[in-house]
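Per our numbering, the very first residue in the sequence shown carries number 2; after that it's consecutive.
Note that beta-carbon positions come from the ideal geometry of N, C-alpha and C, so glycine has one too.
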Amino acid sequence: MSRQRGLNRFYGLLSDLTNRVGGTRKLKDCTGYMEWPARGVYFFLEPGTTRASSDQSRVTRIGTHAVSAGSSTSLWDRLKQHYGTGSGSSNHPHGGNHRGSVYRKRVGEAIIERYGLHDDYPDWDARWSSIDRDRSAVRDEEYILERRVSAYIREQPFVWLAVDDEPSPESQRASIERNAIALLSHYQRAAVDPRPDGWLGNDSRSEKIRESGLWNVNHVDEEYDPTFLDDLQAAVDDTASV
Numbered sequence: 002m003s004r005q006r007g008l009n010r011f012y013g014l015l016s017d018l019t020n021r022v023g024g025t026r027k028l029k030d031c032t033g034y035m036e037w038p039a040r041g042v043y044f045f046l047e048p049g050t051t052r053a054s055s056d057q058s059r060v061t062r063i064g065t066h067a068v069s070a071g072s073s074t075s076l077w078d079r080l081k082q083h084y085g086t087g088s089g090s091s092n093h094p095h096g097g098n099h100r101g102s103v104y105r106k107r108v109g110e111a112i113i114e115r116y117g118l119h120d121d122y123p124d125w126d127a128r129w130s131s132i133d134r135d136r137s138a139v140r141d142e143e144y145i146l147e148r149r150v151s152a153y154i155r156e157q158p159f160v161w162l163a164v165d166d167e168p169s170p171e172s173q174r175a176s177i178e179r180n181a182i183a184l185l186s187h188y189q190r191a192a193v194d195p196r197p198d199g200w201l202g203n204d205s206r207s208e209k210i211r212e213s214g215l216w217n218v219n220h221v222d223e224e225y226d227p228t229f230l231d232d233l234q235a236a237v238d239d240t241a242s243v
């Protein structure tokens, strides 16, 4: 199967999935009280930009959770990490923890690069173990950027795929995530659906993000197995709205 045909089938299935779940959602409108599937794969879309061959919004982030044996993380647990803190947070409402969400971390990096904010956020890339300062002071310092990251991510439409298999690196969820990223990635290959110049990811520090057109780093340099689309179709057929 050619990559173009694979992409067309993928986006066709994504359209079917969107219809099955009653349309895309935005994290700003979501809560844990919704009937999320226990486990699944999620696809974030870039608002206002479409594929070169159609009016479908492009996928810019793919993820799953609980791929380590014994992990109990749910789909909503992972989405909540990207969402950040709510209005009821006593210290940092509508902020978040980019050290617990790679998606948040990468979006924040790109904002720093785009607007030249390096001096304002010197520890954004650093792990806690390497920061020789009071953690509460660092959190206070990073709060404004965490809010900007929350505002950006919460406006990204997304859809989810229910795949309730056991946590494992060999799980079907991990396979769908890995192969979907490899299929959509432009890294070191011709861009079938190039991102517009204004996409925030173009300012990322990561070459893989800039060149792949995805907020993903893992699997963007791999080849995809076309048979994963059959597994994707089966999972779409089994997914219900929340």
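(request) Taking 9 Å as the cut-off, decide whether the C-beta atoms of L8 and V160 are in contact. (result) The residue given as residue 8 occupies position 7 in the sequence shown. The residue given as residue 160 occupies position 159 in the sequence shown. No, the pair does not count as a contact, with Cβ atoms beyond the cut-off.
(request) Can you tell me which of the three DSSP states G101 falls into? (result) Within the sequence shown, residue 101 is the residue found at index 100, counting from 1. Here G101 carries a helix assignment [DSSP, helix/strand/coil].
(request) Check the C-beta distance from V150 over to R105 and give it rounded, since I have them as a contact under 8 Å. (result) Numbered from 1 along the sequence shown, position 149 holds the residue referred to as residue 150. Numbered from 1 along the sequence shown, position 104 holds the residue referred to as residue 105. The pair is a contact, with the Cβ atoms about 5 Å apart (cut-off 8 Å).
(message) For the beta strand (DSSP E) containing E47, name the first residue and the last one.
(response) Here residue 47 is taken as the residue at index 46 of the sequence shown, counted from 1. Here the beta strand (DSSP E) through E47 covers G41 to T51.
(request) Thinking E1 and Q234 are a contact (beta carbons under 8 Å), I'd like their distance in whole angstroms, please. (result) With the chain covering 2 to 243 only, the question about residue 1 has no answer from this structure.
(request) Count the other C-beta atoms from every protein chain shown that fall within 10 angstroms of the C-beta of R128, then say buried if there are 16 or more, exposed otherwise. (result) The residue given as residue 128 occupies position 127 in the sequence shown. Burial call: exposed.
(message) Let me make sure I understand the geometry here. Which of Y144, S169, H187 and T228 has the alpha-carbon closest to that of G71?
(response) As a working mapping, residue 71 is identified with position 70 in the sequence shown. When each option's Cα is compared against that of G71, the closest is S169.
(request) Alpha carbon to alpha carbon, how far is Y84 from H93? Give it in angstroms, no decimals. (result) If you number the sequence shown from 1, residue 93 lands on position 92. If you number the sequence shown from 1, residue 84 lands on position 83. Rounded to the nearest angstrom, the two C-alpha atoms are 13 Å apart.
(request) Answer yes or no: do L162 and T240 have a C-beta to C-beta separation smaller than 9 Å? (result) Counting from one through the sequence shown, the residue named residue 162 turns up at place 161. Counting from one through the sequence shown, the residue named residue 240 turns up at place 239. A contact, by the Cβ cut-off of 9 Å.
(request) Using DSSP bridges, identify the partner residues of G64. (result) Here residue 64 refers to the residue found at position 63 when the sequence shown is read from its first residue. According to DSSP, G64 shares a beta bridge with Y43.
(request) Could you say if the region 73–90 and the region 187–203 meet the contact criterion of at least three C-beta pairs nearer than 8 Å? (result) no
(request) Flag this pair as yes or no: are the beta carbons of S205 and A111 separated by less than 9 Å? (result) As a first step, residue 205 is located in the sequence shown; it is residue number 204 there, counting from the start. As a first step, residue 111 is located in the sequence shown; it is residue number 110 there, counting from the start. Yes, they are a contact pair.
(message) Which residue wins for smallest C-alpha separation from I113, given the options Q57, L28, G87 and I145?
(response) Position 112 of the sequence shown, counted from the first residue, corresponds to residue 113. Selected option, being the one with the closest Cα: I145.
(message) Looking only at its chain, what residues have a beta carbon closer than 8 Å to the beta carbon of G87, apart from the 5 residues adjacent to it on each side?
(response) Here residue 87 corresponds to residue number 86 of the sequence shown, with the count starting at 1. The answer, listed in chain order, is P94 and H95.
(request) Give every residue of the same chain whose Cβ lies closer than 7 Å to the Cβ of T25, excluding the five residues on either side of it in the sequence, and list them in chain order. (result) Residue numbering aside, residue 25 sits at position 24 when the sequence shown is read from its first letter. Once the five neighbours on either side are set aside, the close Cβ partners of T25 are T19, L46, P158, F159 and V160.
(request) Could you name each continuous alpha helix (DSSP H) segment of 4 residues or more that falls completely within the region 196–238, going from the start of the chain to the end? (result) 208–213
(request) Kindly list the residues whose CB is nearer than 6 Å to the CB of E147, restricted to its own chain and excluding five residues on each side of it in sequence; keep chain order. (result) Taking the first residue of the sequence shown as 1, we reach residue 147 at position 146. So the list reads G96 and G97, once near-sequence residues are dropped.
(message) Applying the 10 Å Cβ sphere with the 16-neighbour rule, what's the burial state of G23?
(response) Against the sequence shown, residue 23 aligns to sequence position 22. Classification of G23: exposed, given that the 10 Å Cβ count is below 16.
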